[in-house]
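Structure first, commentary second.
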Amino acid sequence: QIRLTCDVRTLPHQSDDYLRDELDKILEGIPGVEYSIDYMAVPNSSPFETELMTSLHEATKKAVDREDVQFVPAISTGFTDSRFTRPLGVTTYGFSGSHPDDDPMLSKAHGTDESVGIKSLVSGTKVMLHLAYDMLAEK
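Residue 133 in the numbering used here sits at position 124 of the sequence shown, and the numbers go up by one each step.
Spelled out as structure tokens, the structure:
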């Protein structure tokens, strides 16, 4: 008997039924194979064009003193707390405020010698301050 554990990260439109169908296709014709899914985190995403994203974009441009900052929607392969907040209707993005001119080799998250570049630490703090002011100040 062999036990194999796979950590599969599905996309937001892929359900546990989709995963089972794909596993069935892969394992078809192999005798004696059984599997079970122990845990399935529900894949999720937030819309890209929101008031929060607009504010985040403007805050970033102010923080790094550049107008040419562009955001591109992406999906993270890791787990985040968004799996708890999005089902509650909270628009949630993974965002750190890294400075575009900082050396990407200085940002080592979740590993040995975890670190962040000084420019990114400063710009990330500025982004959050600009964002808080924009989202919370009386208008």
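C-beta atoms are modelled at their ideal positions from N, C-alpha and C, and glycine is treated no differently.
Option nearest residue i by Cα separation, candidates the options
i: S105; options: M114, F88, K135, D16; result: K135
i: D143; options: L32, A72, L28, E37; result: A72
i: V42; options: M62, G87, E76, L13; result: L13
i: T89; options: P109, T63, E67, H119; result: H119
i: L138; options: E67, G103, T121, P96; result: E67
Residue i and residue j closer than 8 Å at C-beta
i: I46; j: D25; result: yes
i: T101; j: S85; result: no
i: L32; j: Y48; result: no
i: V125; j: L115; result: yes
i: V81; j: P109; result: no
i: Q23; j: P52; result: yes
i: L140; j: L65; result: yes
Residues bridged to residue i (per DSSP)
i: S124; result: K117
Per-residue DSSP class, three states only, for residue i
i: L138; result: helix
i: K70; result: helix
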